[in-house]
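Read the structure below first, then the notes.
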Amino acid sequence: MSARYSGLGVSPGTAVGPVARVRGPALPLRDGAPVDVEAETARASEALDGVADELEALADRAGASGAVLVRQARMSRDPSLGAIVMQYVRNGRPAPRAAWEAFGAYRDMREADPLRGAPDAAELDDVRDRVVARLLGEPPPSIPDPGTPFILVARDLSPALTASLDPARVLALVTERGGPTSHTAVLAKALGIPAVVGCPGVASLATGQRAAVDGDAGLVTVDPDAELVGALTRKRPAAAEITDGPGRTKDGRPIPLLAAVGGKGEVDDALAFGAEGVGVFRTEFCFLDRTDPPSVAEQADAYREVFDAFPGRPVTVRTLDVGADKPVSFIRLGDQPNPALGVRGLRVARRHPQLLADQLAAIARATRESRADVRVMAPMVATTAEAAWFATRAREAGLQNVGVMVEVPAAALRAADLLQVVDFVSVGSNDLAQYTFATDREDGELADLLDPWQPAFLDLVATVLRAGAVAGRAVTVCGEAASDPLLAAVLVGLGAAGLSMTPRSLPVVRAALARVTSQQCADAAAAAVSADGPEEGRSRVAVLISS
Ligand code: PEP
Ligand code: MG
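Note that numbering that gives the first Met the number 0 has the sequence shown beginning at 0, numbered continuously upward.
Structure below.
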C-alpha cells in the first residue's frame with residue numbers, strides 16, 4: 000500500500016516525480032560532554048552575527064523578498080535572542096543545541112509581547128536553521144538541485160528560499176505547514192505549479208522517493224502505482240510553463256524582461272536566466288573600494304565589458320549613484336544629518352561636476368566601441384530642471400538616448416514634464432517606495448511601509464506610466480517591485496512596457512506573465528490600486544490571476 004498524505008490543495012494540477020527535500024540541519028543532540036561556556040558563547044555570538052551578515056548580503060541581491068531578508072537579519076541581531084542563546088549555553092548546552100532551543104523560547108517571548116508580536120514562523124525557523132547549520136559547519140538551507148525536475152518538499156518554504164526557486168525544475172510544491180494564503184501558496188498559484196500545503200508528516204519523505212501530487216485534491220501519494228499515475232496524468236497535468244524566451248503575456252503582449260546588474264557576476268546571471276537586456280546597470284562597482292576616482296579609460300573598459308555581453312540588446316546604464324546607502328571613500332560628502340535626503344545620486348554632480356563629465360565621456364567611449372543598444376540615465380532626479388541639466392551634459396558627451404530615473408515622488412508627479420526634456424524615464428521602485436513613505440529602505444522594522452503593494456506607491460507608478468503612454472514613450476519599472484510575480488502582472492496592467500529585476504527572479508516572472516492575459520493584468524492593476532492595503536491587494540490579485 001502506498002503511503003498517502005493529505006493536506007490543502009492550494010494550486011491545481013498534478014505531477015509525478017522524485018522528491019527533493021529542502022534540508023535544514025537535524026536537531027543537534029546533547030551528548031552530555033562538559034561545555035566550555037566561554038568558547039561556546041563566542042561561537043554562538045559569531046554565528047548569530049554571521050547569519051545576519053549573510054542575510055543582509057542576500058537582501059542586497061534579492062528581489063521582492065529583500066525586505067523580508069532585512070527583517071530576518073534583524074531577528075538574528077536581536078539582543079534579546081542573543082541573551083537567550085547565551086543563557087542556554089550557560090545552562091550547559093553546546094552552542095548548536097542552545098541556539099535550537101533558544102529560538103523556541105524567543106518565539107514564546109515575542110508571542111507574549113503585545114508591542115512586537117510573534118515573528119513569522121517560516122522566517123524565524125529559517126534564521127534558526129541558518130544559525131544552527133553554521134554552528135555545525137553545514138551549508139545553509141537551500142533549494143536542492145538533483146539534476147532532474149523534482150517535487151520540492153519542505154517543512155515550510157521561507158521567502159529567502161522561494162526567491163531562488165527555478166520554475167523550470169520544480170514539478171510541484173509540498174509543505175508540511177502553511178495555509179491557503181501562505182507565501183508558498185501564492186507563489187505556486189502565480190507560477191501554475193501544483194501545490195499542497197498544510198500536509199502533516201510529509202516532511203519525513205526522503206529525497207529520491209517517487210511521489211504523486213494532486214494539487215486539486217490536496218493529496219500526496221508515495222510510490223504511486225501505474226493506475227494512479229495514469230489517472231492523475233489524464234486528470235490535469237501541471238500547466239506547461241514558459242521558462243525561456245522573451246517575456247510576454249498569454250495573449251502575446253511583449254514585456255521585455257531585463258536584468259539589474261552591477262558587475263560581471265550579475266552579467267553572467269543575467270545571461271543564464273535569459274535577460275533580454277539590462278534595465279539598470281549600476282556603475283558604482285567601478286568606484287567602490289577605491290581611494291581615488293577611476294580614469295575615463297578604466298571606466299570605459301569596465302563598462303564595455305558589460306555592454307559586450309549584450310550585443311544588439313538594450314543596456315540602460317545609470318550614472319553614479321553614491322551617497323546614502325552607497326558611500327564611496329574618495330567622494331567626501333561631509334557629515335550629512337540625513338544622507339538619504341541629502342547629497343546623493345545626481346546631486347553629487349553639483350559638487351563634483353568633473354566626476355559626472357568623466358563618467359559620461361567613459362560611457363560614450365564604451366558605447367562607440369560596443370554593439371549594445373546603450374541608453375544612459377541619472378539617479379535621484381527631483382525636478383525637470385535637473386533632468387534638463389543632465390540631458391544637456393549627456394548629449395554634449397555624445398550620448399543619444401538619455402533619460403532619468405523616477406525615484407522621488409516630485410519626479411513621479413511631474414513625469415509628463417520630464418518627458419519633455421529627456422528621451423525616457425524609468426521607475427526606480429526601491430527608492431520611490433522609500434521616499435513615498437518617508438521610510439529608510441535599510442530599515443527592516445518598517446518593511447511593511449516599503450511594501451510595493453501599498454496603493455499609494457502604485458498610484459505614483461501609475462502616474463508615471465500614464466505620462467509615458469500619453470507621450471508615446473515606453474516606460475520600464477526597475478528596482479525590485481517587479482520580481483514579485485503577482486505584482487509584475489499588476490505593473491503590466493498599469494502600463495509598464497518592460498520590467499527589470501534581479502536576474503534570478505526572471506524565470507519566475509517570465510512563467511507568471513505567460514499565464515495571464517493583458518485583460519487579467521488590467522483587472523489585477525485595478526484591484527491592487529483600489530485595495531485598502533497591501534494584504535488586500537495581494538489576495539484580490541491572487542484570486543483574479545488563478546481563476
Ligand atoms: C531603485 O531605486 O529602484 C533602483 C533601481 O536603484 P537602486 O536600488 O540602485 O537605488
Ligand atoms: Mg535607486
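The beta-carbon is built from N, C-alpha and C at its ideal position, and this holds for glycine as well.
Note that this is a predicted model, so its numbers are computed, not measured.
In this chain, the alpha helix (DSSP H) harbouring Ser538 covers 533-545. Every beta strand (DSSP E) stretch that sits fully inside the segment 231-282 and reaches 3 residues is listed by chain position as 256-260, 277-281.
The beta carbon of Pro484 sits closer than 6 Å to those of Ala189, Val507, Val508, Ala511, all from its chain and outside the five residues before and after it, given in chain order. Distances taken from the Cβ of Cys477 to the heavy atoms of the ligand PEP include one shorter than 7 Å. The three-state reading of DSSP puts Asp124 in helix, counting H, G and I together. Secondary structure of Cys477 (DSSP, three-state): strand. Short of 8 Å from the beta carbon of Thr161, and not among the five residues preceding or following it, lie these beta carbons of its own chain, in chain order: Ser64, His182, Thr183, Leu186.
The residues Gly397, in chain order, have a CB closer than 8 Å to that of Arg367 in the same chain once the five nearest residues on each side in sequence are set aside. For the set Thr13, Val260, Thr391, the Cα lying nearest the Cα of Val228 is the one of Thr13.
Annotation: Val277 to Ala38 spans about 48 Å, alpha carbon to alpha carbon.
Here the alpha carbons of Ala32 and Ser499 stand approximately 54 Å from one another. Excluding five sequence positions before and after Gly91, the CB atoms of its chain that fall closer than 7 Å to its own CB belong to Val34, given in chain order. When Pro179, Leu231, Thr174, Pro293 are compared, the shortest CA-CA separation from Leu204 is found for Thr174. Val201 carries a helical assignment under DSSP once its states are collapsed to helix, strand and coil. When the Cα atoms are used, Ala210 and Ala393 turn out to be separated by approximately 59 Å. The nearest non-hydrogen atom of the ligand PEP is less than 7 Å from the C-beta of Gly427. Under the 8 Å Cβ criterion, the segment 374-383 counts as touching the segment 395-411, having at least three qualifying pairs. The alpha-carbon of Ile83 is positioned some 48 Å away from that of Leu493. Looking at the DSSP output, Phe423 shares a beta bridge with Gly402. DSSP, reduced to helix, strand and coil, places Ile150 within a strand of the structure shown.
Pairing Arg129 with Pro139 gives a Cβ-Cβ distance under 8 Å.
Listed as beta-bridge partners of Ala19 by DSSP are Leu151. In terms of Cα proximity to Gly103, the closest of Leu445, Asp439, Gly81 is Gly81.
Listed in chain order, the non-local C-beta contacts of Thr220 below 7 Å within the same chain comprise Ser1, Arg3, Ala210, Ala211, Leu227, local neighbours out to five positions each way being set aside.
Under the DSSP assignment, Ser499 falls in the beta strand (DSSP E) whose first and last residues are 497-500.
A distance below 8 Å separates the beta carbons of Leu134 and Ala94.
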